[in-house]
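Colleague:
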Amino acid sequence: MTNTHGLRSGRDTVDRPDLFSRAARHEHRIALVAPEGIFTYRDLLDTSEIVARRLLFLCSTEDLEEAPIAFLVPSGFEYVAIQWGIWRAGGLALPLAMSHPPPEFVRVIEDSAPIAVVAHPSLMERVPRVVHSKLHLLDSSVLVRKRPGEASAVSPLPTLDPERRALMIYTSGTTGQPKGVVTTHGNLEAQITSLVEAWEWISDDHILLVLPLHHLHGIMNVLACALWSGGCCQILPRFDAIETWERFAQADLTLFMAVPTIYSQLIKVWDEAEETDQARWSEGARSMRLMISGSAALPVQILERWRQVTGHELLERYGMTEIGMALANPLHGERRPGHVGYPLPGVKIRRVDEQGEVLE
1 MTNTHGLRSG RDTVDRPDLF SRAARHEHRI ALVAPEGIFT YRDLLDTSEI
51 VARRLLFLCS TEDLEEAPIA FLVPSGFEYV AIQWGIWRAG GLALPLAMSH
101 PPPEFVRVIE DSAPIAVVAH PSLMERVPRV VHSKLHLLDS SVLVRKRPGE
151 ASAVSPLPTL DPERRALMIY TSGTTGQPKG VVTTHGNLEA QITSLVEAWE
201 WISDDHILLV LPLHHLHGIM NVLACALWSG GCCQILPRFD AIETWERFAQ
251 ADLTLFMAVP TIYSQLIKVW DEAEETDQAR WSEGARSMRL MISGSAALPV
301 QILERWRQVT GHELLERYGM TEIGMALANP LHGERRPGHV GYPLPGVKIR
351 RVDEQGEVLE
């Protein structure tokens with residue numbers, strides 16, 4: 001994918017159609033409903049600027065120049081403020097999985113070579129001691145908190161070229177050890193705008209996030225698209241089937257995205273529920289405009305059962321950490337069960353045989 005837009009930071013910059021200047025246009029709208037509270041786009045911009053300036057001060061530089069910053073922070077407002085702050089300081093954001101055992105944690109740190117690890121106070125003990133001795137270990141709650149009497153800085157934050165590295169995500173390791181995949185700011189924007197166009201995101205959209213934020217699905221398809229569009233993303237700290245159904249029942253969500261195992265668990269809980277709850281939950285789900293499944297093949301029986309329960313035909317799509325989202329069934333028109341659809345906007349595909357010869 002290619003894209004000509006770069007990401008430029010700086011308070012209220014609106015001359016480039018990037019993530020931060022777009023947020024400034026929606027500054028009074030609610031961006032996140034998170035475990036910590038309700039936050040506007042202005043809250044995100046102000047707090048991420050605090051994070052960026054603290055990182056630059058602690059690293060004694062005016063620009064992180066793509067230096068990796070790893071962060072271990074629960075899903076919520078603080079996570080997004082840290083992610084944006086790393087970007088606005090010119091760094092490479094590396095979200096760490098809270099589920100990683102210590103050996104895997106150490107392997108990722110040694111492989112990615114970050115200059116610092118930002119950790120939430122509740123997760124400090126998960127950071128192996130060997131990491132403590134080699135890197136700056138920063139408390140996320142300190143980075144995001146404005147000190148009393150702290151003056152607003154006037155010096156500009158780094159200008160971010162689209163070719164700069166922005167994000168490193170580790171693959172699931174299905175064919176070997178997980179590998180770090182680096183994405184530039186320009187490619188992030190290309191991925192976001194492709195999905196926003198394909199799925200017709202608008203500022204009135206409201207999505208529930210139940211996916212982990214160390215993989216592409218949750219980071220890009222849900223969180224980034226919602227914030228790019230000026231919409232609202234409600235973040236659950238972890239997936240809970242009953243809580244998710246109850247959230248559906250409020251009938252104010254417009255989109256939902258998950259993996260097949262989550263849809264399977266939701267069906268199981270629905271089947272075991274009282275009829276009154278089933279009716280409330282199904283009615284709320286039917287009020288949404290779009291539900292999507294990805295990250296793994298969707299069994300046809302789950303697709304059919306979900307249609308019976310909610311009236312929704314799940315939109316299947318295909319992507320990889322290495323390339324982003326590539327294929328999807330159409331938003332409008334026929335969706336074929338068991339198929340991943342057609343190239344998304346801005347994507348071209350080529351079919352080859354086992355010898356690398358192009359298939360017509």
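Residue numbers (UniProt numbering): 1 to 360. Where is the CB? At the ideal position from N, CA and C, for every residue including glycine.
Could I get the ranges of all uninterrupted beta strand (DSSP E) runs contained in the stretch 151 to 219, with 3 residues as the minimum, in chain order?
Modeller: Segments of the beta strand (DSSP E) lying fully in the stretch 151 to 219: 165 to 170, 180 to 184, 206 to 209.
Colleague: Taking the CB atoms as reference points, tell me whether isoleucine 235 and leucine 32 lie closer together than 9 Å.
Modeller: Yes, Cβ-Cβ distance for isoleucine 235 and leucine 32 is below 9 Å.
Colleague: Quick check: the Cα distance between leucine 19 and alanine 67, rounded to an integer number of angstroms?
Modeller: The straight-line gap from Cα to Cα measures roughly 20 Å.
Colleague: Please state whether DSSP places leucine 96 in a helix, a strand or coil.
Modeller: Coil at leucine 96, not helix or strand.
Colleague: According to DSSP, is alanine 31 helix, strand or coil?
Modeller: Three-state result, alanine 31: strand.
Colleague: DSSP three-state label for methionine 288, please.
Modeller: If DSSP states are grouped into helix, strand and coil, methionine 288 belongs with coil.
Colleague: Would you tell me roughly how many angstroms separate the C-alpha atoms of leucine 290 and threonine 61, rounded to the nearest one?
Modeller: C-alpha separation (whole angstroms): 45 Å.
Colleague: Let me make sure I understand the geometry here. Which of Asp63, Val210, Val142, Glu110 has the alpha-carbon closest to that of serine 122?
Modeller: Answer by Cα proximity: Val142.
Colleague: Quick check on this structure: which residue in Ile115, Ala116, Leu137 has the alpha carbon closest to the alpha carbon of glutamate 125?
Modeller: When each option's Cα is compared against that of glutamate 125, the closest is Leu137.
Colleague: Can you give me the start and stop residues for the alpha helix (DSSP H) that glutamate 334 sits inside?
Modeller: Looking at the DSSP string, glutamate 334 is not in any alpha helix (DSSP H), and its letter there is neither H nor E.
Colleague: Distance check for isoleucine 30 and proline 101, CA to CA, integer angstroms please.
Modeller: Rounded to the nearest angstrom, the two C-alpha atoms are 35 Å apart.
Colleague: What does a CB cutoff of less than 7 Å around valine 352 pick up in its chain, not counting 5 residues either side in sequence?
Modeller: Here the set comprises Val358, Leu359.
Colleague: Determine the closest residue to arginine 145 out of Gly85, Gln265, Gln278, Val108, with distance taken between C-alpha atoms.
Modeller: If we check each option's Cα against that of arginine 145, Gly85 comes out closest.
Colleague: Counting C-beta neighbours from all protein chains within 10 Å, is the total for glutamate 189 16 or more, i.e. buried, or is it exposed?
Modeller: The residue is buried, with at least 16 neighbouring Cβ atoms inside 10 Å.
Colleague: Starting from proline 102 and walking both ways along the alpha helix (DSSP H), at which residues does that stretch end?
Modeller: From DSSP, the alpha helix (DSSP H) with proline 102 extends over 102 to 112.
Colleague: Please name the residue, chosen from Asn329, Ile323, Glu322, Gly324, that lies closest to glutamate 313 on a Cα-to-Cα basis.
Modeller: Among Asn329, Ile323, Glu322, Gly324, the Cα nearest to that of glutamate 313 belongs to Asn329.
Colleague: Give me the Cα-Cα distance between glycine 6 and alanine 166, rounded to the nearest whole angstrom.
Modeller: For glycine 6, the predicted model reports a pLDDT of 31, less than 50, meaning its position is unreliable and no value from the coordinates is stated.
Colleague: Identify whether leucine 344 lies in helix, strand or coil by the three-state DSSP scheme.
Modeller: Coil.
Colleague: Beta carbon of valine 106: closer than 8 Å to some heavy atom of the ligand ZN?
Modeller: In the structure shown, the ligand ZN is absent, as is every other ligand, since no ligand is present at all.
Colleague: For histidine 275 and tryptophan 245, what's the separation of their Cα atoms in angstroms?
Modeller: Per the sequence shown, the amino acid found at residue 275 is glutamate instead of histidine. Their backbone Cα atoms lie some 13 Å apart in a straight line.
Colleague: Quick one: any contact between the stretch 154 to 165 and the stretch 105 to 118, if contact means 3 or more CB pairs under 8 Å?
Modeller: The stretch 154 to 165 is not in contact with the stretch 105 to 118.
Colleague: Along the chain, where does the alpha helix (DSSP H) that runs through aspartate 46 open and close?
Modeller: Looking at the DSSP string, the run of the alpha helix (DSSP H) that includes aspartate 46 is 41 to 58.
Colleague: Under 9 Å, do proline 35 and proline 74 count as touching if we go by C-beta distance?
Modeller: It is a contact, given that the beta carbons lie within the stated cut-off.
Colleague: When burial is assigned at 16 or more other CB atoms within 10 Å of the CB, is glycine 333 buried or exposed?
Modeller: Flag for glycine 333 reads exposed.
Colleague: Is the beta carbon of serine 48 sitting closer than 9 Å to the one on arginine 88?
Modeller: Cβ distance < 9 Å, so serine 48 and arginine 88 count as in contact.
Colleague: What does isoleucine 115 pair with, by DSSP beta-bridge criteria?
Modeller: Answer is none; isoleucine 115 lacks a bridge partner.
Colleague: If you check the beta carbons only, do arginine 335 and glutamate 316 fall under 9 Å apart?
Modeller: In contact: arginine 335 and glutamate 316 (Cβ atoms closer than 9 Å).
Colleague: Would the beta-carbon of glycine 231 fall within 9 Å of that of isoleucine 192?
Modeller: Not a contact, by the Cβ cut-off of 9 Å.
Colleague: Taking the beta carbon of glutamate 322 as the centre, do at least 16 other beta carbons fall within 10 Å, making it buried, or is it exposed?
Modeller: Per the 10 Å Cβ criterion, exposed.
Colleague: Once the 5 residues before and after valine 196 are set aside, which same chain residues still bring their CB inside 7 Å of it?
Modeller: Once the five neighbours on either side are set aside, the close Cβ partners of valine 196 are Cys225, Trp228, Ser229.
Colleague: Tell me, please, which residues DSSP counts as bridged to glutamate 316.
Modeller: Glutamate 316 is bridged to Ser293.
Colleague: Look at the alpha carbon of serine 282 and the alpha carbon of phenylalanine 71, and state the distance between them as a whole number of angstroms.
Modeller: One C-alpha to the other measures close to 37 Å.
Colleague: Tell me which residue opens and which closes the beta strand (DSSP E) that phenylalanine 71 is part of.
Modeller: Phenylalanine 71 -> beta strand (DSSP E) spans 68 to 72.
Colleague: Give the single residue among Phe239, Ile292, Asn187 whose Cα lies nearest to the Cα of valine 347.
Modeller: For the residues Phe239, Ile292, Asn187, the minimum Cα distance to valine 347 belongs to Asn187.
Colleague: Mark valine 222 as exposed unless 16 or more other C-beta atoms lie within 10 angstroms of its C-beta, in which case mark it buried.
Modeller: Per the 10 Å Cβ criterion, buried.
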